[in-house]
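Line order of the protein sequences matches chains A and B. Each residue of the first sequence is one higher than the one before, counting from 1 in full-length UniProt numbering. Each residue of the second sequence is one higher than the one before, counting from 1 in full-length UniProt numbering. For each residue, glycine too, the CB sits at the ideal point set by N, CA and C. Reviewing the structure listed below.
There are 2 protein chains.
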Amino acid sequence: MTWLSPLTIGNVNPKVKSIVDACSLIEFSLVQVTKCEYAVRGEIVMRAQLLEQELITKPSSLPFEEIIYCNIGNPQSLGQVPITFFREASVVALCDNPSLLDKAETHALFSADAIARAWKIIDKIPGKATGAYSHSQGLQYCREEIAAAIARRDGYPAKAEDLYLTDGASVAVHMMMQLLISSEKDGIMCPIPQYPLYSASMTLHGGSLVPYYLNESAGWGLEVQELQQQIQKARGSGINVRALVVINPGNPTGQVLSEENQKKIIQFCKDERLLLLADEVYQENIYAEGKKFQSFKKVARSMGLGENDLSIVSFHSVSKGYYGECGRRGGYMEVTGVDKDVKEQIYKIASVNLCSNISGQILMSLVSNPPKAGDESYEDYVRERDGILASLARRAKLLAEGFNKLEGVSCNQAEGAMYLFPRLHLPERALKAAAAVSMAADTFYARRLLDATGIVVVPGSGFGQVPGTWHIRCTILPAEEKMPALITRLTSFHQRFMDEFRD
Amino acid sequence: MTWLSPLTIGNVNPKVKSIVDACSLIEFSLVQVTKCEYAVRGEIVMRAQLLEQELITKPSSLPFEEIIYCNIGNPQSLGQVPITFFREASVVALCDNPSLLDKAETHALFSADAIARAWKIIDKIPGKATGAYSHSQGLQYCREEIAAAIARRDGYPAKAEDLYLTDGASVAVHMMMQLLISSEKDGIMCPIPQYPLYSASMTLHGGSLVPYYLNESAGWGLEVQELQQQIQKARGSGINVRALVVINPGNPTGQVLSEENQKKIIQFCKDERLLLLADEVYQENIYAEGKKFQSFKKVARSMGLGENDLSIVSFHSVSKGYYGECGRRGGYMEVTGVDKDVKEQIYKIASVNLCSNISGQILMSLVSNPPKAGDESYEDYVRERDGILASLARRAKLLAEGFNKLEGVSCNQAEGAMYLFPRLHLPERALKAAAAVSMAADTFYARRLLDATGIVVVPGSGFGQVPGTWHIRCTILPAEEKMPALITRLTSFHQRFMDEFRD
Numbered sequence: 001m002t003w004l005s006p007l008t009i010g011n012v013n014p015k016v017k018s019i020v021d022a023c024s025l026i027e028f029s030l031v032q033v034t035k036c037e038y039a040v041r042g043e044i045v046m047r048a049q050l051l052e053q054e055l056i057t058k059p060s061s062l063p064f065e066e067i068i069y070c071n072i073g074n075p076q077s078l079g080q081v082p083i084t085f086f087r088e089a090s091v092v093a094l095c096d097n098p099s100l101l102d103k104a105e106t107h108a109l110f111s112a113d114a115i116a117r118a119w120k121i122i123d124k125i126p127g128k129a130t131g132a133y134s135h136s137q138g139l140q141y142c143r144e145e146i147a148a149a150i151a152r153r154d155g156y157p158a159k160a161e162d163l164y165l166t167d168g169a170s171v172a173v174h175m176m177m178q179l180l181i182s183s184e185k186d187g188i189m190c191p192i193p194q195y196p197l198y199s200a201s202m203t204l205h206g207g208s209l210v211p212y213y214l215n216e217s218a219g220w221g222l223e224v225q226e227l228q229q230q231i232q233k234a235r236g237s238g239i240n241v242r243a244l245v246v247i248n249p250g251n252p253t254g255q256v257l258s259e260e261n262q263k264k265i266i267q268f269c270k271d272e273r274l275l276l277l278a279d280e281v282y283q284e285n286i287y288a289e290g291k292k293f294q295s296f297k298k299v300a301r302s303m304g305l306g307e308n309d310l311s312i313v314s315f316h317s318v319s320k321g322y323y324g325e326c327g328r329r330g331g332y333m334e335v336t337g338v339d340k341d342v343k344e345q346i347y348k349i350a351s352v353n354l355c356s357n358i359s360g361q362i363l364m365s366l367v368s369n370p371p372k373a374g375d376e377s378y379e380d381y382v383r384e385r386d387g388i389l390a391s392l393a394r395r396a397k398l399l400a401e402g403f404n405k406l407e408g409v410s411c412n413q414a415e416g417a418m419y420l421f422p423r424l425h426l427p428e429r430a431l432k433a434a435a436a437v438s439m440a441a442d443t444f445y446a447r448r449l450l451d452a453t454g455i456v457v458v459p460g461s462g463f464g465q466v467p468g469t470w471h472i473r474c475t476i477l478p479a480e481e482k483m484p485a486l487i488t489r490l491t492s493f494h495q496r497f498m499d500e501f502r503d
Numbered sequence: 001m002t003w004l005s006p007l008t009i010g011n012v013n014p015k016v017k018s019i020v021d022a023c024s025l026i027e028f029s030l031v032q033v034t035k036c037e038y039a040v041r042g043e044i045v046m047r048a049q050l051l052e053q054e055l056i057t058k059p060s061s062l063p064f065e066e067i068i069y070c071n072i073g074n075p076q077s078l079g080q081v082p083i084t085f086f087r088e089a090s091v092v093a094l095c096d097n098p099s100l101l102d103k104a105e106t107h108a109l110f111s112a113d114a115i116a117r118a119w120k121i122i123d124k125i126p127g128k129a130t131g132a133y134s135h136s137q138g139l140q141y142c143r144e145e146i147a148a149a150i151a152r153r154d155g156y157p158a159k160a161e162d163l164y165l166t167d168g169a170s171v172a173v174h175m176m177m178q179l180l181i182s183s184e185k186d187g188i189m190c191p192i193p194q195y196p197l198y199s200a201s202m203t204l205h206g207g208s209l210v211p212y213y214l215n216e217s218a219g220w221g222l223e224v225q226e227l228q229q230q231i232q233k234a235r236g237s238g239i240n241v242r243a244l245v246v247i248n249p250g251n252p253t254g255q256v257l258s259e260e261n262q263k264k265i266i267q268f269c270k271d272e273r274l275l276l277l278a279d280e281v282y283q284e285n286i287y288a289e290g291k292k293f294q295s296f297k298k299v300a301r302s303m304g305l306g307e308n309d310l311s312i313v314s315f316h317s318v319s320k321g322y323y324g325e326c327g328r329r330g331g332y333m334e335v336t337g338v339d340k341d342v343k344e345q346i347y348k349i350a351s352v353n354l355c356s357n358i359s360g361q362i363l364m365s366l367v368s369n370p371p372k373a374g375d376e377s378y379e380d381y382v383r384e385r386d387g388i389l390a391s392l393a394r395r396a397k398l399l400a401e402g403f404n405k406l407e408g409v410s411c412n413q414a415e416g417a418m419y420l421f422p423r424l425h426l427p428e429r430a431l432k433a434a435a436a437v438s439m440a441a442d443t444f445y446a447r448r449l450l451d452a453t454g455i456v457v458v459p460g461s462g463f464g465q466v467p468g469t470w471h472i473r474c475t476i477l478p479a480e481e482k483m484p485a486l487i488t489r490l491t492s493f494h495q496r497f498m499d500e501f502r503d
């Protein structure tokens, strides 16, 4: 008898297998970070890897000199420099070696306030042990620092005991899905287009995704009428709709919701008794004039809705913002409006994995409480922060203009987040050509774009879109000095593409 | 109508609720690390917290001066000092600021080989970006370093593409459970007593735990006859038994399996077509004379069994060993003997959370490749490592002797790991007294022990034990200088307890 492993593709948990579509996107978002030893899904990036190798082995064998990865919100992989203070303070804090902190050399290497902050953190850690497991929810000190920052941001109180520090926001999202989903009868409302973590997590936990479509023609607006239609439809088919996911600022769509709109969404959740899952990881990435981030919790409180009127879970992360510390895996969720006995269940899930990494916990507390006026680091910090945000705003504007100049392409501005999601109005003959090679039309376009220019984007299919419409997601993260060349390459490619397929 | 949150204890996923027993143990293992703002399960440690507060507010109000936490393998929380080199190299590496690495002050603060290692790591990270997401399986360089270390350890090849770096080993265990368990018909064989992560994860994923009992009278030996009986019993009741969990060295039991025993277990898995899940996180914690850790993969290869004969997943972590870096959340699993298409499914699960924390990845590569003879750090490293391991061995012996001198207590030696699991032969009247307050007898004993001495141990009930037998788990981690006093307090308490309840 030939060898048959006890674990085969035939007997893997079918829930895992069925997330392939959702995950293929995440996978190919990731492949770019480093070489992948074996084939993974995500044709576009797999091909980008091949071409990158070709550029090394046979320079100038391709019509471009480098691959430009515009497919993932991973700023430091595209050269963004970390904010000095956060690295200094967290590095020193992690080096829990008091003798080091005392040394003159340390003062020559690190700013005084970074060292002071590190001391403060270390003194607050039980036994000064950064190498010990922390409380399952995270270090009490870090949670108090973050709660204080939330209270300052919103003007309403926040409590350390409502915070659960996690290895990035993704883990927190899974924890909530685990609590909410018992069977395929449990449904979670989710925007389309969406960040595929949500569809993947719902599939993994065996629940039903209840889609609601963002209105592209209204700047990817979230319309309550659409929510009402979709929840009725889902309930009509026997789904117990339990929660609503809102991503604000939007990913991949980049819209920043107006306070008016947020109030309607909150009222909808209250009326329909839905848990509001607020993905607010891009809260510090706002670019549009006159736009401002307001947390759902703040808006709810401003409506007079308290702990006993609405249940909100807010997710945040060190991976985004102007700091973009993706590799540090820090994040949290703030859980309000649920009873103590439910929080004990959340605590229990957190406890199974003991705790999140201390480095990420500390970094989350640092980005929540950056240097203040008068601190030695303050001026550098402000310069670094404002430099990054201003540059991102310029890049977002430049790239959107570039897309909007293209024949048959319409692109909303990125009011926030890190992405543009332009719509491609492709000629009939292009759709036929894609179908002929059994590719989604947006994948066909992205593949052609890569082959001609080395620019890597994600086909809209991976995020979901109104059937019959085609999009690509392109990050605004390539270095600013490379942006004009990128747009030129994009433009000439698109022109040739349209010339080839124009009806 | 009064407020009813959309998320209540009544509509939480029942799988989450049902892991309370398994998790209460993990929870109270954790509560000790820092104060807990709201009631959590785990009566013993909740009470320890109260008493600790009392000692602060009303000094000398209790018959002891301090609480000694012997309930969790969290060495640095009990004062174990981190290994200098690992902290230096990982700290410098995380401070991805080349100018810092160049500075003279840095050389005054860190050893030359730590700085060199940090440079090596940074140069191998794509874009030198430690703040970027890595490949979902972990940085290629770290996986190559770890694979090389496994190959040196075993004398058989290991491949970077078989490694999945995770935020601690717990995450890797969950990933495998997620792959293996589709319904309650899927069963996983698990030792009793066990580390409750396994029961918790199986419950969370809705599978069935198929218990097999370790033989206490044979030094917690693992007997294949018992495996055979239990698998037949499970199959008889319609369970599809898919995998066997072995914890070696054992937790909470501390036994180190003989090569002979390992061969029988391997043959059993091969014959019964079970995936072997080898928890080998204590592989560097061996204390017994003549005992040696051998990985299941090494033993299988030595039997001539290759990739196409047996499927093994080996789990390891930076939390244990002599380094005990629990708070850094580094770990990995090595997956061998499964097809590429299954590995793609594992990759996909890993991809949903993007990647594990880079700090933990780097630390895992460092503990796998410590300083070598000739390196500047080598002598300090050896002194620190051997000092910790020798002290743990002395403490394990001392504490076991202490337990074995107690009336009605029998305790196997800790051949490895960090725990003793002594059996309590309690008088009938003690059992009655426990029943009268509806407590498990071992919880009753642990509670009395805490109140009288401040020593915190975990009742055996939390790990599972042969019905009608009673145990406690006690770590060997309290500082060596405190050990004699601890044993004296333990002894006089036990004497008084027996005097009170002796039949």
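State the DSSP-derived secondary structure class of residue i, mapped to helix, strand or coil.
i: Cys-70/A; result: coil
i: Arg-447/B; result: helix
i: Pro-252/A; result: coil
i: Val-313/B; result: strand
i: His-471/A; result: strand
i: Asp-102/B; result: helix
i: Asp-499/A; result: helix
i: Ser-61/B; result: coil
i: Cys-23/A; result: Because Cys-23/A carries a pLDDT of 35, less than 50, the predicted location of this residue cannot be relied on, and no value is offered for it.
i: Glu-259/B; result: helix
Within the same chain, show all residues whose beta-carbon is closer than 6 Å to that of residue i, passing over the 5 residues directly before and after it, in chain order.
i: Ser-29/A; result: Since pLDDT at Ser-29/A reaches only 35, below the 50 mark, its modelled position is unreliable, and no value is offered.
i: Ala-396/B; result: Tyr-287, Ala-414, Ile-476
i: Ala-160/A; result: Arg-143, Glu-144, Ala-147
Thinking residue i and residue j are a contact (beta carbons under 8 Å), I'd like their distance in whole angstroms, please.
i: Ala-417/A; j: Tyr-322/A; result: Ala-417/A to Tyr-322/A, Cβ: 12 Å. No contact.
i: Ile-349/B; j: Met-175/B; result: 5 Å
i: Pro-63/B; j: Ala-452/B; result: 6 Å
i: Pro-191/A; j: Ile-247/A; result: 6 Å
i: Glu-410/B; j: Ala-440/B; result: The identity of residue 410/B in the sequence shown is Ser, whereas the question assumes Glu. Not really, about 19 Å apart at Cβ, beyond 8 Å.
Are residue i and residue j closer than 8 Å when you measure CB to CB?
i: Val-245/A; j: Tyr-287/A; result: no
i: Arg-385/A; j: Ile-146/A; result: no
i: Glu-138/A; j: Ser-356/A; result: For clarity, residue 138/A is Gly in the given sequence; the question names Glu instead. Their beta carbons are under 8 Å apart, which means Gly-138/A touches Ser-356/A by this criterion.
i: Pro-193/B; j: Phe-444/B; result: no
i: Ala-158/B; j: Glu-334/B; result: yes
i: Ala-112/B; j: Glu-376/B; result: yes
i: Asn-251/B; j: Tyr-332/B; result: no
i: Leu-354/B; j: Tyr-133/B; result: yes
i: Ile-9/B; j: Asp-123/A; result: no
i: Leu-363/A; j: Phe-86/A; result: yes
Excluding sequence positions up to five away, which residues of its chain have a Cβ less than 8 Å from the Cβ of residue i?
i: Glu-54/B; result: Ser-61, Leu-62
i: Ser-391/A; result: Glu-480
i: Glu-184/B; result: Gly-206, Gly-207, Ser-208
i: Phe-296/A; result: Val-246, Asn-248, Gln-262, Ile-265, Ile-266, Leu-276, Ala-278, Glu-280, Ile-312, Ser-314
i: Ile-44/A; result: Phe-28, Asn-71, Thr-443, Ala-446, Arg-447, Leu-450, Val-456, Val-457, Val-458, Pro-459
Thinking just about the alpha-carbon of each residue, which of the options is nearest to the one in residue i?
i: Ile-472/A; options: Asp-499/A, Lys-432/A, Leu-426/A, Glu-500/A; result: Leu-426/A
i: Met-442/A; options: Cys-269/A, Ile-455/A, Leu-424/A; result: According to the sequence as given, residue 442/A is Asp; it is not Met. Comparing Cα-Cα distances from Asp-442/A to each of Cys-269/A, Ile-455/A, Leu-424/A, the minimum goes to Leu-424/A.
i: Pro-75/B; options: Cys-326/B, Gln-361/B, Trp-470/B, Pro-467/B; result: Cys-326/B
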